[in-house]
Amino acid sequence: MTRLNTLSTLLAGLVLGALISLVAWTAFAGRGARMTRRAGEERQEAAGSQETAVAVLETIRQRRTVRSYQATPVPDEELLAILDAARYAPTAGNQQPWRFLVIRDRDKLERLKGQALEWYLERVRSSPNSAQHDIESIRSSAEQALEGALSAPVYVAVLVDTEAPHSRYVVYDGALAAANLMIAARALGYGTGFFTTFFPEEQMKVFFGIPDHYALICFTPIGVPEEWPEMPAKKELAELVVFESFEE
Ligand SMILES: Cc1cc2nc3c(=O)[nH]c(=O)nc-3n(C[C@H](O)[C@H](O)[C@H](O)COP(=O)(O)O)c2cc1C
Numbered sequence: 001m002t003r004l005n006t007l008s009t010l011l012a013g014l015v016l017g018a019l020i021s022l023v024a025w026t027a028f029a030g031r032g033a034r035m036t037r038r039a040g041e042e043r044q045e046a047a048g049s050q051e052t053a054v055a056v057l058e059t060i061r062q063r064r065t066v067r068s069y070q071a072t073p074v075p076d077e078e079l080l081a082i083l084d085a086a087r088y089a090p091t092a093g094n095q096q097p098w099r100f101l102v103i104r105d106r107d108k109l110e111r112l113k114g115q116a117l118e119w120y121l122e123r124v125r126s127s128p129n130s131a132q133h134d135i136e137s138i139r140s141s142a143e144q145a146l147e148g149a150l151s152a153p154v155y156v157a158v159l160v161d162t163e164a165p166h167s168r169y170v171v172y173d174g175a176l177a178a179a180n181l182m183i184a185a186r187a188l189g190y191g192t193g194f195f196t197t198f199f200p201e202e203q204m205k206v207f208f209g210i211p212d213h214y215a216l217i218c219f220t221p222i223g224v225p226e227e228w229p230e231m232p233a234k235k236e237l238a239e240l241v242v243f244e245s246f247e248e
């Protein structure tokens, strides 16, 4: 009797346990399915319309480095929208170490043109093989390049604070913001350029009075292109993508 009692208690326990597990599993599985469905719906909502997706991808594809501009001004609200897009870029630890120095003063830009030429020629003259250079022809092509590079109505120096908490990542943070800025500008019909060569960091910091603890990521124009350049050769996707492993 006692054994029977024990056995039936055990059986009842097992059945109850199984029932509880079943109910719990059904609830969990149901919740899982609901979650999956909700996540799917959210993804669709977040993805926006097919047209938006196509437009974003096309804007990314059509962004070009533009090296000559029309003088057409960029309205303030568009400039601010472009800068606003930059600040949504990801950053290490969300540190957002940026400063965006905006320059629209034509006189200052003209002075920069002269300075940039001198900085460049100085670099050429002090390079080890300077004797082989035809300085006059280099001067003339640099002058021409600078004429185009500094023809836009607006410039942004993308800066990052090297004293930010995750200082070793500030260059990535800066480059990502610059990319956002360039894509946003393209969406609004403007060209940009990640300019570095003619605008060396140390000299630019002195020229614009930029505090020492900032690093210059790039100096980009924003403006209506003289003409949109052809897309330069881009590597095929298959050359760049590796699925799962480099090992065969
Ligand atoms: C780190 C970096 C430095 C660059 N420096 C210059 C530069 O000094 N002058 C310039 O005209 N373009 C510069 N570029 C722009 C590239 O030349 C340009 O992105 C490349 O030729 C591809 O053209 P696309 O931007 O139209 O696709 C730079 C780009 C990067 C990412």
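Just so you know, this note's numbering puts 50 at position 50 of the sequence shown, and the rest follows in order with no gaps.
In this text, a Cβ means the ideal position worked out from N, Cα and C, and glycines have one as well.
Small disclaimer: the values here were computed from a predicted structure and weren't measured.
Under DSSP, the beta strand (DSSP E) around residue i begins and ends at which residues?
i, result
"D161", "154-161"
"F219", "214-222"
"L101", "98-103"
If you draw a straight line from the C-alpha of residue i to the C-alpha of residue j, how long is it?
i, j, result
"A86", "Q132", "43 Å"
"V242", "E236", "12 Å"
"M231", "T91", "29 Å"
"V224", "R111", "22 Å"
"W98", "Y214", "9 Å"
"I222", "T192", "5 Å"
"V66", "G148", "9 Å"
"L216", "R139", "25 Å"
"K234", "S167", "32 Å"
"S137", "F207", "26 Å"
"A55", "L117", "39 Å"
"V154", "E58", "24 Å"
"S151", "N129", "31 Å"
"M204", "V156", "12 Å"
"L121", "C218", "20 Å"
"S245", "F194", "32 Å"
"K113", "L146", "6 Å"
"I183", "D84", "12 Å"
"I135", "Q95", "44 Å"
"Q144", "V102", "24 Å"
"P229", "Q62", "10 Å"
"G93", "R38", "29 Å"
"F100", "D76", "15 Å"
When we look at the beta-carbon of residue i and count the other beta-carbons within 10 Å, is it buried (16 or more) or exposed?
i, result
"W119", "buried"
"Y69", "buried"
"Y88", "exposed"
"G174", "buried"
"P211", "exposed"
"I82", "buried"
"A142", "buried"
"E186", "It should be pointed out that residue 186 corresponds to Arg in this sequence rather than to Glu. Burial call: buried."
"L22", "In this prediction, L22 scores a pLDDT of 44, lower than 50, which makes its location untrustworthy; the coordinate-derived value is nonetheless stated afterwards. It is exposed - the Cβ of L22 has fewer than 16 other Cβ atoms within 10 Å."
"T220", "buried"
"D161", "buried"
"F198", "buried"
"L181", "buried"
"A238", "exposed"
"V158", "buried"
"L240", "exposed"
"V170", "buried"
"L80", "exposed"
Could you give the first and the last residue of the continuous alpha helix (DSSP H) run that contains residue i?
i, result
"S141", "135-149"
"V74", "Neither: V74 is in no alpha helix (DSSP H) and is coded neither H nor E."
"T65", "Counting along the chain, T65 falls outside any alpha helix (DSSP H), and DSSP gives it neither H nor E."
"W119", "106-125"
"G174", "170-187"
"V206", "201-208"
"E239", "237-240"
Any beta-carbon of chain C closer than 9 Å to the one on residue i?
i, result
"A142", "Among the chains in the structure shown there is no chain C, since it carries only a single protein chain."
Next on the checklist: Quick check on the contact list: which residues have their beta carbon closer than 6 Å to a heavy atom of ligand 1?
Outcome noted: R64, T65, R67, G193, F194, F195, T196, T197, P232
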